[in-house]
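Reviewing the structure listed below.
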Amino acid sequence: QKEVEQDPGPLSVPEGAIVSLNCTYSNSAFQYFMWYRQYSRKGPELLMYTYSSGNKEDGRFTAQVDKSSKYISLFIRDSQPSDSATYLCAIRGYSTLTFGKGTMLLVSP
Amino acid sequence: NAGVTQTPKFRVLKTGQSMTLLCAQDMNHEYMYWYRQDPGMGLRLIHYSVGEGTTAKGEVPDGYNVSRLKKQNFLLGLESAAPSQTSVYFCASRQGRTRTTNEKLFFGSGTQLSVL
């Protein structure tokens with residue numbers, strides 16, 4: 020079993036929809052969880068991070084971690100066409116980050 | 081402040097040829113990483129370095145070598161390129177050795193490599 024599992028999509032939604040992106044992980048020792056956004060032909064950029072269980076909100080984005088289920092989520096409210104990108108979850112170990120495969124999101128006007 | 085710069089941006093090789101990808105960062109970061117990104121496979125770590133003069137293997141190190149002779153540079157070498165190494169390669173860096181939990185990884189813009 021890969022350390023981080025993520026559905027690759029694509030996920031297509033209309034503008035204004037609420038989007039839910041999810042990952043599961045296998046190593047219960049992980050403490051730091053991140054979401055990166057990658058536009059086409061660009062390098063990934065950090066979108067949000069959370070530490071341990073709980074929620075973190077930043078504008079239209081909410082990151083959620085459930086350590087008991089080893090499940091992390093990213094919610095996007097009022098999605099915009101500019102949110103169309105690939106979203107990668109990442110779990111931080113001691114020195115390295117392990118990424119999920121990424122979910123491609125398409126928001127249509 | 082350029083951040084993380086990768087050269088070249090594109091390269092086409094024939095099977096068996098060698099090449100070196102250069103990554104340079106101007107943020108005085110300790111940690112540097114090389115990833116490859118393939119369709120359906122996500123980002124996979126090839127090698128990484130936690131400081132000048134150090135290197136370590138990642139998830140998919142076979143067929144690659146790296147060197148970190150200077151803190152700001154991290155080189156990725158392919159000694160004998162194979163078609164399976166056709167991919168987009170990303171370099172990344174982070175500060176490292178701090179107590180902050182929100183250290184973000186800064187990525188370069190990638191190198192598209194095709195091996196024929």
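Chains as they are written, first to last, in my numbering: chain A, 20 to 128; chain B, 81 to 196.
Glycine residues also receive a C-beta, built at the ideal position from the N, C-alpha and C atoms.
Under 9 Å between the Cβ atoms of residue i and residue j?
i: F170(B); j: Q117(B); result: yes
i: V23(A); j: S98(A); result: no
i: V140(B); j: A162(B); result: no
i: S92(A); j: N41(A); result: yes
i: R148(B); j: L155(B); result: yes
i: A82(A); j: K89(A); result: no
Nearest to residue i by alpha carbon, out of the options?
i: G133(B); options: A162(B), L193(B), K151(B) and L123(B); result: K151(B)
i: L176(B); options: H109(B), V92(B) and F90(B); result: In the sequence as presented, Leu is not what sits at residue 176(B); that position holds Gly. Taking only the C-alpha atoms, the option nearest G176(B) is H109(B).
i: V38(A); options: K120(A), Y106(A), I110(A) and S71(A); result: Y106(A)
DSSP puts residue i in a beta bridge; with which residues?
i: H127(B); result: W114(B) and K137(B)
i: S31(A); result: L125(A)
i: A109(A); result: M53(A) and F118(A)
i: Y90(A); result: T43(A) and D85(A)
i: M67(A); result: W54(A)
i: E24(A); result: T43(A)
Could you tell me the alpha carbon to alpha carbon distance between residue i and residue j, rounded to whole angstroms?
i: L123(B); j: G62(A); result: 11 Å
i: F186(B); j: A172(B); result: 5 Å
i: L101(B); j: R60(A); result: 18 Å
i: T85(B); j: G188(B); result: 5 Å
i: F49(A); j: P88(B); result: 35 Å
i: S87(A); j: Q25(A); result: 18 Å
i: M67(A); j: L124(A); result: 17 Å
i: S113(B); j: K137(B); result: The sequence shown places Tyr at residue 113(B), rather than the Ser named in the question. Answer to the nearest angstrom: the Cα atoms are 10 Å apart.
i: G73(A); j: A82(B); result: 35 Å
i: L30(A); j: T122(A); result: 7 Å
Segment contact, 8 Å Cβ cut-off, at least three pairs: the stretch 27 to 46 of chain A with the stretch 87 to 101 of chain A = yes
Would the stretch 111 to 130 of chain B and the stretch 112 to 128 of chain A be scored as touching if the rule is three or more Cβ pairs under 8 Å?
-> yes
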